[in-house]
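Each position in the sequence shown, counted from 1, maps to that position plus 328 in my numbering.
C-beta atoms are modelled at their ideal positions from N, C-alpha and C, and glycine is treated no differently.
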Amino acid sequence: SQYSTVNSQRTVPYVPGTIDDCRGLNNLGFSIDFQYLRGANTEGTPAKTTVTFDTVGPAPPTGVATGVGEKLVEVRWNLPAQNTDVTRYIVYCDDGTLEQLPNRSDAGTSSSSSSGTVDDAGTTDAGTDTDAGTTSDAGSQGVRPLQDTTSSSSSGDTTSSSGTSGAVTAEPGTSTACPANLALIEGELPNPNWKPCGQITGGTGNKVTVTRLGLNDDAPPLVNDQPYGFAVSSYDNLGNPGPLSAIVCNTPVETTDFFDGYRAAGGQAGGCNTVGSTLASAGPGCALGFLALALARGAHRRRVNRLVTRSAAERDQAR
C-alpha cells in the first residue's frame, strides 16, 4: 500500500524505507508516535519514542607516519579533531595481496579531518593494547626514528604503481617503493574481509608497532626488505568504521644494536650490571666487556690506518 489508512480513508502518503534511507546518518534521531484508535477516535495519551541512527564512522587520523626496525614497522598518527565517539583505531597492512575494494564512493566522514598532535599513548607489536603502556617483542631491535615528513592528502605525494586514488607516501631515507597492486585507498571504507594488523583501544592512542600481517600469532610475520603499505581507520562504539587515512609505505630493515657490536667485538655476558652510577659499581664483567669493545674498536682503527698508510706509500712509490 502506498498510503497509511485510518478508517479506510487515505491520509498521509506512505513510502516504504530501504537501507539507503539510513546510509550516511550520523547520530540522527527519528521520532515515532504511537496512537491508539478506537473506531475513528484516539484513546489515551499517544506514546512517543526516538530512534537514533548512526551508520557513519568517525573521521580518520591525520599525519600518519612510520618508523622501521628489524621485521617491524611502527605506525603513528595525530588524532582527528572530532574523536569523542572513537573507541579504537585499527591499522591495516598491505603487502600487495590484500583483497581489492569494490568500486564504491560512499565512504564519507562524520566530521572534517584536521591535525591535532597528541602525546604518545600506547603501543602494541602486533595486536591490541590500551591507551597506556608500551609493549613490543622486538627486544633490543632498534626502531628507526620517525621522519619529519608525514603523509597528507595534498597533491605531489608519491603514488602507488597500482594507480589507486589518494596520497601514498614513503618515508625519506627508506625504500620509496610501495607494494604492487596496493588495495588500500585513502578515503574509502575498509573492506570487511580485511584482517587488521594492529589496533589500539580508546580514542587517545596514537601508535602501534606492527610485526605481523594479522593480530593472531599464526599470521605471517613482516619480512625485512619487503615494502608494505599502511592505513588507519577510526571505529566508533557501534562498530562503524571510518574512511581510511592517507596511505604510508615503508620497508622493515635489519638493525644492529649495541650488543650486536659488543658480541662481534668479542664481548661475552657475565654479570654485567650498569645500574650503579660508576663503572666500578657495574662489576668486573662490564669493565672487561667495555675494555674488550674499546680494544677491538682501537684495533679496527689501527688496521684502517695501516691500510690507508700503506695505500699512500704505494701511491708514492708508483709515482
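Residue span of the beta strand (DSSP E) that contains residue i, given as start and end
i	result
Val-401	400-406
Cys-421	414-422
Ala-393	390-397
Ser-535	The sequence shown places Lys at residue 535, not Ser. Lys-535 -> beta strand (DSSP E) spans 535-538.
Ile-528	526-529
C-beta contact flag for residue i and residue j at 8 Å
i	j	result
Phe-358	Val-379	yes
Ala-547	Leu-512	no
Leu-429	Asn-519	yes
Ser-561	Trp-405	no
Asn-509	Gly-424	yes
Pro-569	Gly-385	yes
Residue i, buried or exposed, once every other Cβ within 10 Å from all chains shown has been counted against 16
i	result
Ile-575	buried
Asn-578	buried
Pro-571	buried
Arg-591	exposed
Ile-418	buried
Glu-582	exposed
Asn-411	buried
Ala-449	With a pLDDT of 37 at Ala-449, under the threshold of 50, the modelled position of that residue is not reliable, and the figure given next carries that caveat. By the neighbour-count rule (16 or more Cβ atoms within 10 Å), Ala-449 is buried.
Tyr-420	buried
Glu-371	exposed
Thr-502	Only weak support exists for where Thr-502 lies, its pLDDT of 45 falling under 50; the value from the coordinates is given anyway. Buried: at least 16 other Cβ atoms inside 10 Å.
Ala-409	exposed
Ala-375	exposed
Per DSSP, the bridge partner or partners of residue i
i	result
Ala-375	Phe-362
Asn-578	Tyr-556
Pro-569	Tyr-563
Whole-number beta carbon distance between residue j and residue i, since they are thought to touch under 8 Å
i	j	result
Ile-360	Thr-383	18 Å between Cβ atoms; not a contact.
Leu-550	Pro-580	5 Å
Asp-422	Tyr-556	7 Å
Thr-538	Val-396	In the sequence under discussion, the amino acid at residue 538 is Val, which differs from the Thr named in the question. At roughly 10 Å, the Cβ-Cβ gap does not stay under 8 Å, so Val-538 and Val-396 are not in contact.
Thr-415	Asn-565	5 Å
Leu-426	Trp-522	6 Å
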